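What follows is a short report on a single structure.
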Amino acid sequence: MSSLPQKAPGGGLGGVPLQQQPQNLHTLACSGVPVLGQASNPAALREISPVFLCRIGQDTVQDIVTRTMEIFQITRATQLPNGVTQSQAAYQDRFGKLQEHLRQLSLLFRKLRLLYERCVEMTSDLQESPAELVPYVGEEMAPVRVEPCGSAVTQDKQEVLEKVRQKNQEMKVLMDQMRNLLWDINAMLTMRK
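The opening position of the sequence shown corresponds to residue 62 in my numbering, with each subsequent residue numbered one higher.
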């Protein structure tokens, strides 16, 4: 078997809290996705919903962004080796950290790809073909009943919208930081020439 998944800070696998993890899975691949034929019973595979996989994928994307920021920070703090033994040791240490972050980033992208493929596989029967979505001319369409939303649904919608706004703001700040970091790197490279 390949490597076991690492335990995330939240206590679960892939950054998902332990209480949200399915308990019937016998083994997980390094991607955090159950491997077919390795679950203790077929019902365990049905317990893993596409929503759960999307949540793991969301955490994986967050891990990818965090690792990328760490790579940029290490790169920003690293001075090119100039032959001095003191800076050579620090350079080797940072280079090792950078290599480890890149290796982890590669694994996270593989995990994300496996999660995506598994979600597509699980929801392929739910997706309608384009021909089913386009109504034919002259065909009578069944009336769609619209029921008023309850207060709980409206409140949930407001909470989700607030979370989306907050995440968008966080992403904007993160993109600004990355842009500033790239400007600093370009400025340092220009000054070296």
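Ideal Cβ positions, reconstructed from N, Cα and C, are used throughout, including at glycine.
All values reported here derive from a predicted model rather than from experimental measurement.
Asked: Suppose the cutoff is 6 Å on Cβ atoms and the five residues either side in sequence are ignored; what does the same chain contact list for Q84 look like?; Found: For Q84, the predicted model reports a pLDDT of 36, less than 50, meaning its position is unreliable and no value from the coordinates is stated.
Asked: Is the CB-CB distance between L176 and G118 below 7 Å?; Found: yes
Asked: Is it right to say I109 is buried, meaning 16 or more other beta carbons lie within 10 angstroms of its own, or is it exposed?; Found: buried
Asked: So, at 6 Å on beta carbons, what are the nonlocal neighbours of H162 in its own chain, with the 5 sequence-adjacent residues on each side left out?; Found: R128, E131, I132
Asked: Short of 8 Å in beta carbon distance, which residues of its chain neighbour R155, apart from the five on each side in sequence? Order them along the chain.; Found: I135, A138, T139
Asked: Using the Cβ count rule (16 or more neighbours within 10 Å means buried), how would you classify K172?; Found: buried
Asked: Would you mind reading off the limits of the alpha helix (DSSP H) that contains G118?; Found: 111–138
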